[in-house]
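For the sequence shown, our numbering assigns the number 11 to the initial residue and increments by one for each residue that follows. The block underneath contains the structure these notes are about, expressed in structure tokens.
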Amino acid sequence: MKHPLPGLVLAASLFTQSASFAQSGMPDAPPSPQDTVSVQKGMATYRGYTAPTDEKALLDRLHLANQNEIKAGQLAQQRSQNPDVKAFGAIMMKAHTALDQKLTSYARSKGLKLAETPKPMNDAEEAAMAKNKATMEQLQVIRGAPFDSAYLASQVTGHDAVLGMVHTAQKALPKASPELAAMLDDLDKQVPAHRHQAWSMLGKLGDETGVGGSGPGHEPPPKP
């Protein structure tokens with residue numbers, strides 16, 4: 011079965027990235043004695059992932075992640091022909107809408123106006139934001155099986171990145187407000203479940219897309 015080349019190339023690229031995360035540096039890998047938090051120019055780094063040490067900057071990025079999940083879920087409704095992918099997209103829309111409502115409500119209580127597009131704090135973050143934007147643009151022009159594989163692969167890497175940011179924030183902000191700490195704990199529970207579901211569904215696409223090979227049997231061990 012032939013598929014549009016841009017969608018297949020994107021799917022293969024994203025799957026390669028997810029496999030790379032699975033083999034090294036995933037936020038749910040067992041910790042090592044070298045795990046430490048470093049802070050430079052307002053950005054904390056932990057096990058290869060980063061998070062702002064400023065509360066508003068962190069909220070901005072979590073808000074952006076939620077909005078991206080909602081938009082991608084909407085695209086799944088429009089561009090996928092797979093009922094399971096559509097259902098997963100609907101779940102992501104509902105879950106991240108609820109998460110974002112809590113986040114924005116908390117921001118309002120603190121008198122904070124969240125940015126729709128946060129300004130990158132360093133070159134690495136600028137590159138990551140550009141890659142996420144490019145992925146979203148690609149998802150808007152492909153459909154069917156190529157969309158399914160690209161969407162699910164981006165869900166794996168996207169949830170990896172968010173979970174890494176959450177873990178970094180938890181380490182770097184030990185004196186966070188109870189409300190923020192509770193939101194981070196909630197994300198720490200929900201994001202791995204979302205990631206696991208996307209990973210499993212990507213593996214089930216298998217031979218149809220030519221980028222299969224993931225799935226529960228190949229997934230990295232859970233965080234202890």
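The C-beta atom is built at its ideal place from N, Cα and C for all residues, glycine as well.
Using 7 Å as the threshold, is the C-beta distance between residue i and residue j below it?
{"i": "Thr145", "j": "Ala61", "result": "no"}
{"i": "Leu194", "j": "Gln180", "result": "yes"}
{"i": "Ala86", "j": "Lys96", "result": "yes"}
{"i": "Leu173", "j": "Val201", "result": "yes"}
{"i": "Val235", "j": "Tyr59", "result": "The structure shown does not extend to residue 235, since the chain spans only 11 to 234, so no value can be given for it."}
{"i": "Asn76", "j": "Leu109", "result": "yes"}
{"i": "Ile80", "j": "Thr114", "result": "no"}
{"i": "Ala117", "j": "Leu190", "result": "no"}
Alpha carbon to alpha carbon, how far is residue j from residue i? Give it in angstroms, no decimals.
{"i": "Ala192", "j": "Gln150", "result": "34 Å"}
{"i": "Leu124", "j": "Asn78", "result": "15 Å"}
{"i": "Ser164", "j": "Gln111", "result": "23 Å"}
{"i": "Ala140", "j": "Ser187", "result": "31 Å"}
{"i": "Thr63", "j": "Leu197", "result": "17 Å"}
{"i": "Ile101", "j": "Thr127", "result": "24 Å"}
{"i": "Ala160", "j": "Lys185", "result": "38 Å"}
{"i": "Gly121", "j": "Pro93", "result": "41 Å"}
{"i": "Arg205", "j": "Lys51", "result": "30 Å"}
{"i": "Val153", "j": "Arg71", "result": "The amino acid at residue 153 is misidentified as Val; the sequence shows Arg. Approximately 28 Å between the Cα atoms of the pair."}
{"i": "Met131", "j": "Ala67", "result": "9 Å"}
{"i": "Ala134", "j": "Ser90", "result": "31 Å"}
{"i": "Met211", "j": "Leu162", "result": "7 Å"}
{"i": "Gly213", "j": "Lys129", "result": "35 Å"}
{"i": "Ala2", "j": "Lys104", "result": "Limits of the chain in this structure are 11 at one end and 234 at the other, which puts residue 2 out of reach."}
{"i": "Asp158", "j": "Glu65", "result": "35 Å"}
Under the rule that 16 or more other beta-carbon atoms within 10 Å means buried, what is residue i, buried or exposed?
{"i": "Gly99", "result": "buried"}
{"i": "Gln148", "result": "buried"}
{"i": "Gly168", "result": "buried"}
{"i": "Ala171", "result": "buried"}
{"i": "Leu215", "result": "buried"}
{"i": "Ala54", "result": "buried"}
{"i": "Asp45", "result": "exposed"}
{"i": "Ala155", "result": "buried"}
List the DSSP bridge partners of residue i.
{"i": "Ser48", "result": "Thr55"}
{"i": "Thr289", "result": "There is no way to answer for residue 289, as the model of the chain reaches only from 11 to 234."}
Checklist entry - Which runs of the alpha helix (DSSP H) fall wholly inside the region 62-112 and span at least 4 residues, in chain order? => result 65-89
Checklist entry - What are the start and end residues of each continuous beta strand (DSSP E) run of 3 or more residues lying completely inside the region 152-187, in chain order? => result none
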